[in-house]
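Working notes for the structure below.
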Amino acid sequence: GEVWLRSEATMSGYWGDPEATASALVDGWLRTGDLGRIDPTGCLALAGRRGEMYIRGGYNVFPSEVAAVLGEHPAVHDVAVVARPHEVLGEVGVAVVVPADPAAPPSLDDLLAAARDRLAHHKLPEDLVVVDDLPLTAMQKVDRRALRSLVDLPPPPP
């Protein structure tokens, strides 16, 4: 589920933005937007961001989990995963890959063969887009809006 935090140091709200404050704070609890679970050792294991999760054929998929597995392939320098609409499944994943060697980018089959034993079938990407660099925000995080334009997807609603 969604991770909520509470402490004496929790913020009291967003300056001049009561709507954002109301959606982020509930009875003193901060809604982080992160999704996680308690693992068998009692530790919090984060799965991804609530807004990045997509649903493929009724299954929740976290792009960060898929990207972490694909990123271990030796032919991959960097990778991000974004969802695109699918007529039957609702949404499917598209892997956007920066190859380790631009002259020898990995194929989708290469990536799937390496990931099949680590990811459930519904988490495997359906398509691959090879790029020179992933688009980044000013904070050096993957720019998901720009990423969607790389795979010719409309931007998500605001």
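Using my numbering, the first residue of the sequence shown is number 39, and each one after it goes up by one. The beta-carbon is built from N, C-alpha and C at its ideal position, and this holds for glycine as well. Please read these numbers as outputs of a predicted model, since none were measured by experiment.
Short of 7 Å from the beta carbon of Asp147, and not among the five residues preceding or following it, lies no beta carbon of its own chain. Distance from the CA atom of Ile76 to the CA atom of Ala85, rounded to whole angstroms, is 11 Å.
Remark: C-beta atoms of Leu108 and Val117 approach each other more closely than 7 Å. Comparing alpha carbon positions, the residue from Glu125, Asp171, Val41 and Pro144 closest to Val114 is Pro144.
Residue ranges of uninterrupted beta strand (DSSP E) with 3 or more members, entirely inside the stretch 112 to 171 and ordered along the chain, are 114 to 124, 128 to 137 and 165 to 168.
In this structure, Leu73 is the residue among Leu166, Leu73 and Val189 with its C-alpha nearest to the C-alpha of Leu43. Annotated three-state conformation of Arg75 is strand, per DSSP. Glu40 is bridged by DSSP to Leu73. Two segments are said to touch when three or more pairs of C-beta atoms, one from each, lie closer than 8 Å; by this definition the stretch 122 to 136 touches the stretch 156 to 168.
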